[in-house]
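Novice: Pasting in a structure now, in structure tokens, and then I'll have a few things to ask.
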């Protein structure tokens, strides 16, 4: 297992009830597996995911899919941005 | 005869040697006749006119042609504007 | 000199524009976005902006690099405010200096569009009777 | 509230943008034009702007009215400076506030283009070894 940090912002922080949590993931998880595991832990987020409303970042970059997650990585889950 | 004011700006003021002069014009002059008379008085301006470089205003509006000039009118002659 | 910053302090729009004026340029175009009182007929009391700060700065940095690649411009300055904003206060200002104004207009408009769809910042509208995190759309229009 | 003014004093670009912010709007686009050091490779020492003042104000008033007719915008503020301007000083600032930024960008760009071809103002570029009244073109490009 490996430890990663997971961040939530705005609406996803409200749904998850936290802005920042630590997660244990199986070694060699892909980004898809990692985010699936994370979302399943927060029932409030599954509806958002199923509507395709969530965006995912790994180490402060948008994920494009297939990334390999490593010990200590910073993952983030949020809804479409609304700055400006 | 009637008296009008004629103004020059920038390059036309340099060519005419003045920024502001009074002119006597025949009564019932059209704007074309008025400006022709004015330009002829300032040889420095005829080259500009012949190149089509001059703009004309009557009472602070661009002339569109055929205006009737009246006693006390304010006429102006200048080159294409370059503000901004 | 380019800059891209997050701040919780009020934004000085004029200062932003003047910070990027280089001597070879002729025009700066500035977009000043601020808090509207009414959205879809509903009255906003104030706004809260949240950001994934280090990623937001990284994304702004990428946008600046892309814009300079894409348009004939000299300098870009972007400041986005976070925290609580009252009606009429500036939330974002983007200034672009260029030798010719056409490129400055194009780049400035491109930058605000990209910022609104890519930079991880979220706003919460607070009404007298509730509040909501605004969800953007990836096909942000205006 | 719109405004269109001539001034011989330095222009505060930020103040111009903020003077026209109405509560129903969401974006202000500002064009800040200033004195370039180099034009076609020749170094300018300073500029002199002359205007047919009452007609210039009238023409600016017409442009403001036309722009408000043509674009979905709320307010416009234009200030053009006259007299002697040093390198880097703002000669003209145009701010347009609108509910949606697209209209503000379009109107601002349209206004500077029209101003440069219609408003009776002239600039003289002064070099170390001479000076010249710049002649505009009715098909002003940039």
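Protein chains in written order, with my numbering: chain A, 17 to 100; chain B, 17 to 100; chain C, 533 to 674; chain D, 533 to 674. Each residue gets a CB set at the ideal place from its N, CA and C atoms; glycine is no exception. On a predicted model such as this, the values are computed, not experimentally measured, just so you know.
(1) Below 8 Å on the Cβ atoms is my guess for residue 667(C) versus residue 27(A); work out the distance and round it to an integer in Å.
(2) Helix or strand or just coil, what does DSSP make of residue 97(B)?
(3) At a CB-CB cut-off below 7 Å, which residues of chain B make contact with residue 666(D)?
(4) Can you pull the chain D residues whose beta carbon is under 8 Å from the beta carbon of residue 539(C), in chain order?
(5) Which chain D residues are close to residue 644(C), counting only those with a beta carbon under 7 Å from its beta carbon?
(6) Thinking just about the alpha-carbon of each residue, which of 591(C), 628(C), 547(C) and 592(C) is nearest to the one in residue 604(C)?
(7) Whole beta strand (DSSP E) runs in the region 536 to 582 of chain C with 3 or more residues, listed along the chain?
(8) If you drop the 5 nearest sequence neighbours on each side, which residues of the same chain put their C-beta closer than 8 Å to that of residue 64(B)?
(9) Run through the DSSP bridge pairs and tell me what residue 656(D) is partnered with.
(10) Fully enclosed by the region 35 to 98 of chain A, which beta strand (DSSP E) runs are 3 residues long or longer?
(11) In this structure, does DSSP put residue 609(D) in helix, strand or coil?
(12) Quick test of your reading: residue 643(C) and residue 626(C), contact by CB under 8 Å. State the CB separation rounded to the nearest angstrom.
(13) Where does residue 652(C) land, buried or exposed, given buried means 16+ other C-beta within 10 angstroms?
(14) DSSP three-state label for residue 17(A), please.
(15) Under the assumption that residue 564(D) contacts residue 562(C) (Cβ atoms under 8 Å), give the Cβ distance between them as a whole number of angstroms.
(16) I want to know whether the region 630 to 649 of chain C touches the region 592 to 599 of chain C - three or more CB-CB distances under 8 Å.
(17) Is residue 655(D) close to chain B, meaning its C-beta is less than 9 Å from at least one C-beta of that chain?
(18) Classify residue 539(C): buried if its beta carbon has 16 or more other beta carbons within 10 angstroms, exposed otherwise.
(19) From the beta carbon of residue 641(D), is the nearest beta carbon of chain C less than 9 Å away?
(20) Could you tell me whether the Cβ of residue 559(C) comes closer than 9 Å to any Cβ of chain A?
(21) Please determine, among 86(B), 21(B), 99(B) and 100(B), the residue with the shortest C-alpha to C-alpha distance to residue 54(B).
(22) What's the C-alpha gap between residue 73(B) and residue 87(B)?
(23) What does DSSP give as the partner residues of residue 647(C) in its beta bridges?
(24) Distance cutoff 9 Å, beta carbons only. Does residue 624(D) sit that close to anything in chain B?
(25) Can you name, in chain order, every residue of its own chain whose Cβ lies under 7 Å from the Cβ of residue 553(C), other than the five neighbours on each side?
(26) So does residue 593(C) have its beta carbon nearer than 8 Å to some heavy atom of the ligand NAP?
(27) Starting from the beta carbon of residue 535(C), find every residue of chain D whose beta carbon is closer than 9 Å, and list them in chain order.
(28) Give a yes or no on whether 9 Å exceeds the smallest Cβ distance from residue 652(C) to chain A.
(29) What is the DSSP secondary structure of residue 673(D), reduced to helix, strand or coil?
(30) Just to confirm my understanding: we take residue 635(C), look at its own chain, exclude 5 residues before and 5 after, and list those with CB closer than 7 Å. What are they?
(31) What number of angstroms, rounded off, separates the C-alpha of residue 51(B) from the C-alpha of residue 623(D)?
(32) Using a beta-carbon distance below 9 Å, is residue 586(D) in contact with chain B?
(33) Assuming residue 611(D) contacts residue 537(D) (C-beta within less than 8 Å), just tell me the rounded distance between them.
(34) When DSSP labels each residue in this structure, what does residue 26(A) get in the three-state scheme?
(35) Can you check which of these residues, 616(C), 599(C), 546(C) and 609(C), is closest to residue 579(C) by C-alpha distance?
(36) In the DSSP assignment, find the alpha helix (DSSP H) that holds residue 595(C) and state where it starts and stops.
Specialist: Reading it off the structure:
(1) 7 Å
(2) coil
(3) 98
(4) The premise fails here: residue 539(C) is roughly 15 Å from chain D at the closest Cβ pair, so nothing lies under 8 Å.
(5) 633
(6) 628(C)
(7) 559 to 566
(8) 27, 28, 31, 70 and 95
(9) 580(D) and 665(D)
(10) 36 to 41, 70 to 74 and 90 to 95
(11) strand
(12) 5 Å
(13) buried
(14) coil
(15) 7 Å
(16) yes
(17) yes
(18) exposed
(19) yes
(20) no
(21) 21(B)
(22) 15 Å
(23) Paired residue(s): none; residue 647(C) is not in a bridge.
(24) yes
(25) 560 and 629
(26) In terms of ligand content, the structure shown is empty, and the ligand NAP therefore cannot be addressed.
(27) Simply none; closest approach about 16 Å.
(28) yes
(29) Its pLDDT being 41, under 50, residue 673(D) is placed unreliably by the model, and the measurement read from it follows with that caveat. In the structure shown, residue 673(D) sits in coil (DSSP, three-state: anything other than H, G, I, E or B).
(30) 603, 604 and 605
(31) 31 Å
(32) yes
(33) 5 Å
(34) helix
(35) 616(C)
(36) 585 to 602
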